[in-house]
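Mapping of the sequence shown onto full-length UniProt numbering: position 793 corresponds to residue 793, and the numbering continues sequentially without gaps. Just so you know, even glycine gets a beta-carbon here, dropped at the ideal spot from N, CA and C.
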Amino acid sequence: MIGRVIVDVPAAQTDRLFDYLIPTEWQAFAKPGVRVIVPFGPRRIQGFLIELVELSEFEKVKPIAEVLDPLPILSPELLELGEWLATSTVCYRVSAYQAMLPAALKSKVSKQLVLQVDPAMLPLPLQTLFSGRTVVAWDEAKKALKKAITVVKEPLDQEWLSISYETKEHTRVKKVKYVEIIPTNEDPVFSKRAEKQERVFTYIKGQEASVPVNSVLKQTGASRATLKSLLDKGLIQEFEKEVYRDPLQAEDIQRSEPLVLTDAQARVMEPVAKAIAEEQHQMMLLHGLTGSGKTELYLQAISAVLAKNQEAIMLVPEISLTPQMVTRFKARFGELVAIMHSGLSNGEKYDEWRKIHRKEVKVVVGARSAVFAPFTNIGIIIIDEEHETSYKQEETPRYHTRDVAQYRGERHRAPVILGSATPSIESYARAKKGVYQLLSLTERVNGRPLPDVEVVDMRQELRNGNRSMFSLALTEAIRDRLEKKQQTVLFLNRRGYSTFVMCRDCGYVASCNHCDISYTYHRKGNSLKCHYCGDEQPMPETCSECGSDHIRFFGSGTQKVEEELAKQFPEARVIRMDVDTTRKKGAHKQLLDAFGQGKADILLGTQMIAKGLDFPKITLVGVLAADSMLHIPDFRSAERTFQLLEQVAGRAGRDVLHGEVLVQSYTPEHYSIQLVKEHDYEQFVAKEMQSRKIGGYPPYYFMALLTISDTELASVMQTSQKITRFLKESLSDKAIVLGPSVSPIARIKDRYRYQCVIKYRQEPKLHETLDAIMNHYLRDATNKKLAISMDLHPY
Ligand code: ADP
Ligand code: ZN
Ligand code: ZN
Numbered sequence: 001m002i003g004r005v006i007v008d009v010p011a012a013q014t015d016r017l018f019d020y021l022i023p024t025e026w027q028a029f030a031k032p033g034v035r036v037i038v039p040f041g042p043r044r045i046q047g048f049l050i051e052l053v054e055l056s057e058f059e060k061v062k063p064i065a066e067v068l069d070p071l072p073i074l075s076p077e078l079l080e081l082g083e084w085l086a087t088s089t090v091c092y093r094v095s096a097y098q099a100m101l102p103a104a105l106k107s108k109v110s111k112q113l114v115l116q117v118d119p120a121m122l123p124l125p126l127q128t129l130f131s132g133r134t135v136v137a138w139d140e141a142k143k144a145l146k147k148a149i150t151v152v153k154e155p156l157d158q159e160w161l162s163i164s165y166e167t168k169e170h171t172r173v174k175k176v177k178y179v180e181i182i183p184t185n186e187d188p189v190f191s192k193r194a195e196k197q198e199r200v201f202t203y204i205k206g207q208e209a210s211v212p213v214n215s216v217l218k219q220t221g222a223s224r225a226t227l228k229s230l231l232d233k234g235l236i237q238e239f240e241k242e243v244y245r246d247p248l249q250a251e252d253i254q255r256s257e258p259l260v261l262t263d264a265q266a267r268v269m270e271p272v273a274k275a276i277a278e279e280q281h282q283m284m285l286l287h288g289l290t291g292s293g294k295t296e297l298y299l300q301a302i303s304a305v306l307a308k309n310q311e312a313i314m315l316v317p318e319i320s321l322t323p324q325m326v327t328r329f330k331a332r333f334g335e336l337v338a339i340m341h342s343g344l345s346n347g348e349k350y351d352e353w354r355k356i357h358r359k360e361v362k363v364v365v366g367a368r369s370a371v372f373a374p375f376t377n378i379g380i381i382i383i384d385e386e387h388e389t390s391y392k393q394e395e396t397p398r399y400h401t402r403d404v405a406q407y408r409g410e411r412h413r414a415p416v417i418l419g420s421a422t423p424s425i426e427s428y429a430r431a432k433k434g435v436y437q438l439l440s441l442t443e444r445v446n447g448r449p450l451p452d453v454e455v456v457d458m459r460q461e462l463r464n465g466n467r468s469m470f471s472l473a474l475t476e477a478i479r480d481r482l483e484k485k486q487q488t489v490l491f492l493n494r495r496g497y498s499t500f501v502m503c504r505d506c507g508y509v510a511s512c513n514h515c516d517i518s519y520t521y522h523r524k525g526n527s528l529k530c531h532y533c534g535d536e537q538p539m540p541e542t543c544s545e546c547g548s549d550h551i552r553f554f555g556s557g558t559q560k561v562e563e564e565l566a567k568q569f570p571e572a573r574v575i576r577m578d579v580d581t582t583r584k585k586g587a588h589k590q591l592l593d594a595f596g597q598g599k600a601d602i603l604l605g606t607q608m609i610a611k612g613l614d615f616p617k618i619t620l621v622g623v624l625a626a627d628s629m630l631h632i633p634d635f636r637s638a639e640r641t642f643q644l645l646e647q648v649a650g651r652a653g654r655d656v657l658h659g660e661v662l663v664q665s666y667t668p669e670h671y672s673i674q675l676v677k678e679h680d681y682e683q684f685v686a687k688e689m690q691s692r693k694i695g696g697y698p699p700y701y702f703m704a705l706l707t708i709s710d711t712e713l714a715s716v717m718q719t720s721q722k723i724t725r726f727l728k729e730s731l732s733d734k735a736i737v738l739g740p741s742v743s744p745i746a747r748i749k750d751r752y753r754y755q756c757v758i759k760y761r762q763e764p765k766l767h768e769t770l771d772a773i774m775n776h777y778l779r780d781a782t783n784k785k786l787a788i789s790m791d792l793h794p795y
């Protein structure tokens, strides 16, 4: 028997099936979808067994060395999905499979070290070492290399040595020691001196089943020695049992019952229930205000799926995957729910994945990658907040979750529901054309009106001499709420607002040595950090350009707003929520709980407070800088601004108290800000579609972005010229090719970046064109540093 294997080396040369002989001893396990270890040149590497065939066309076929999984970890459906992903997102197949699996199942992690060698002491010892970004001591490097499986050394020049190595970072299954009575020894007699042993023995015997050793020791106060005596006497036995790490810390969650649907909800439920019952794939767009009862609908649709003994995938953007959200699903479906998001440890992720794989759960609630959950009988896939840009993966494979959901929905004959209060322009256009079925909920469940929105012109404030970050209207409104003992939410968009460090004398801005991006100031540790490559530097005391000591951090981060609040409203109790204050596990929930219990008057935060907050006492929402997103050079910036403002506005006046929203802006006349006043999504879409049509953007045109990067500027400029010319020639009649131009971030990790944009209405055989480019440029030995990446439908 021959096994055809994709090896775990993402490269053009290895992006195909390799034949291996399956020795008799592995034949029982060698099924498509298992991981295998195979000899590959001088090395042994990991791979995925894709298919079995009788014969190989090659004469000499080596045997596989090992099968790693007792059961396939990729189902036939996921194997095919990988193939489709590779084609549709232009990536290597192995990268597609890796994206579907938890880190614990991925093979070796490739790392590269670059060592600086002291020329005076060549060749050894090696003095300082960089792991791409951070300088680590040689001792640490040695430690890292000890875990290495393969090491490749390559001298770069006299002073530098590159070391590539691979490690196998295992996340083991967690095991706990248990003890139980050996049944034949139930009635031993203990001597007087063995009183302690008798007590422990009686305790263990009194339990209904085996008990964890730790709890025996805790409950009886006995020592390990006592337990050991019982073991030695053969009265009890000890064994290990696998346990799951519980990300919710076994919190007690009260069960919730389905609510009686409102008429509006029932109307939406009808086609959904029908599609579930008849097992029909259908893309449905649920356009419903915040608070219109979408989540309750999701819960009931999932119930219908479970009743048919099928499985459900519930996707929520990472940022809204709050404890509150998770609790709602756990409360309804209890132990049947697995959770997947980046906040979990690798071990927890592995455990949740195994629960799905072993069919111990039927629902997964998770962020983007949960769309790959290894279910085999999917009855529904739901994508909440479908407009969120985080559904597009920004690294290889650059897939959009919506497309993967559609693929799986078709394969499983399951409906896919896309839900949002402000659907993406693309989805809404598809719904209008009838490609998606449009479902709407136009009122809040409790009949509460949407809050009043007022836009404050900050230019006018400035003219009136108010230099504070709070307009007079906002200051008064906050004061009013403090008096009335009602709550305020202040929202600051983090994007476009960095806390950079600038010299007030010469204007120098501290920026990363490896990337063209300014450092972000971190108060903790008084340091500067690059968000692209992770480089960290101490905060400089003087300007490196002019020597002035007037160098300090700038911009209006949440910390700065907090300070300003303390000045203007010393009596106000403020909770700040941003990446800094929510880093610790559980901090997010603690802060929100405290606000919910009225322990603070003002909640100040970034994106993470834009969603899911549902507190009756919030009657004021202030948006500090509505335009910070509008000026990002991106054709989606107006759409994102509108979506975000609507989202934030939805936090106010959710209960009996009426809500008010104050939006501060320097471009108050822009339609994405004006139309929030009327909460007029339809009108917004009409305006936005016009501007997309004029600009030649999606949904009128598809887009593809080709990024070319190299460590040498001259070379990247030259290559990108050539590539663009080639594209223009070969695609001239089918697409518009623009560029080359410098990428928005011109350099990342010491690589210069150029890009060109391809716009088209019908797919102009991009794959073949790209393959030709890759083959021509990347296989050329002189172009070792060159990298080309393609992003179809870029975000
Ligand atoms: P959305 O997801 O659209 O924001 P939710 O499903 O969270 O809306 O509903 C908003 C609020 O209304 C929640 O507190 C929810 O419990 C409640 N709710 C939803 N549906 C019903 C219903 N049919 N009857 C009573 N309350 C409901
Ligand atoms: Zn200076
Ligand atoms: Zn950097």
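From the options, residue whose alpha carbon lies closest to that of residue i
| i | options | result |
| --- | --- | --- |
| V435 | R444, E443, V416, Q486 | V416 |
| Q607 | L644, K584, D516 | L644 |
| S292 | I319, R448, I313 | R448 |
| H531 | F500, L217, E195, V213 | F500 |
| R753 | I6, E712, R651 | E712 |
| G739 | I745, V757, R747 | V757 |
| G705 | H670, V742, Q690 | Here the sequence assigns Leu to residue 705, which means Gly is not the residue at that position. Selected option, being the one with the closest Cα: V742. |
| W353 | K106, H767, L79, I609 | K106 |
| F642 | K734, G605, V34, A626 | A626 |
| E54 | H281, Y20, V36 | Y20 |
| F615 | L603, V623, L624 | L603 |
| V176 | Q280, V656, S215, D680 | S215 |
| I236 | P212, E311, K749, A610 | P212 |
| residue 800 | G41, E564, G547 | Outside the shown range of the chain (1 to 795) lies residue 800, about which nothing can therefore be said. |
Backbone CA spacing between residue i and residue j [nearest angstrom]
| i | j | result |
| --- | --- | --- |
| R4 | L49 | 6 Å |
| P764 | D791 | 15 Å |
| I708 | A638 | 28 Å |
| W138 | N346 | Because the pLDDT at W138 is just 49, under 50, the model does not fix this residue reliably, and the value given afterwards should be weighed accordingly. One C-alpha to the other measures close to 28 Å. |
| E238 | F190 | 20 Å |
| E571 | I517 | 38 Å |
| E541 | S527 | 11 Å |
| Y700 | Y298 | 31 Å |
| H588 | R44 | 44 Å |
| C543 | H776 | 46 Å |
heavy atom of ligand 1 below 7 Å from residue i C-beta
| i | result |
| --- | --- |
| K294 | yes |
| V260 | yes |
| E445 | A quick correction: the sequence has Val, not Glu, at residue 445. Yes, ligand 1 has a heavy atom inside 7 Å of this Cβ. |
| Q310 | no |
| G288 | yes |
| Q265 | yes |
| G696 | no |
| G291 | yes |
Where the alpha helix (DSSP H) containing residue i begins and where it ends
| i | result |
| --- | --- |
| L21 | Not the alpha helix (DSSP H): L21 falls in the beta strand (DSSP E), residues 18–21. |
| residue 862 | As shown, the chain starts at 1 and ends at 795. That puts residue 862 outside it, with no answer to give. |
| F491 | Where F491 is concerned, there is no enclosing alpha helix (DSSP H), although the beta strand (DSSP E) it sits in stretches over 487–491. |
| P668 | Taken as a continuous stretch (DSSP letters only), P668 belongs to no alpha helix (DSSP H), as it is neither H nor E. |
| L217 | 213–220 |
N-terminal and C-terminal residue of the beta strand (DSSP E) that residue i is part of
| i | result |
| --- | --- |
| P740 | 735–748 |
| I380 | 378–383 |
| N704 | Checking the sequence, you will find Ala at residue 704 rather than Asn. Where A704 is concerned, the enclosing beta strand (DSSP E) stretches over 702–710. |
| L439 | 437–441 |
Distance between beta carbons of residue j and residue i, contact taken as under 8 Å
| i | j | result |
| --- | --- | --- |
| A649 | V621 | 6 Å |
| K677 | V453 | 5 Å |
| Q300 | L261 | 7 Å |
Proximity test, residue i beta-carbon vs ligand 3 heavy atom, cut-off 7 Å
| i | result |
| --- | --- |
| H514 | yes |
| Y532 | yes |
| D535 | yes |
| I517 | yes |
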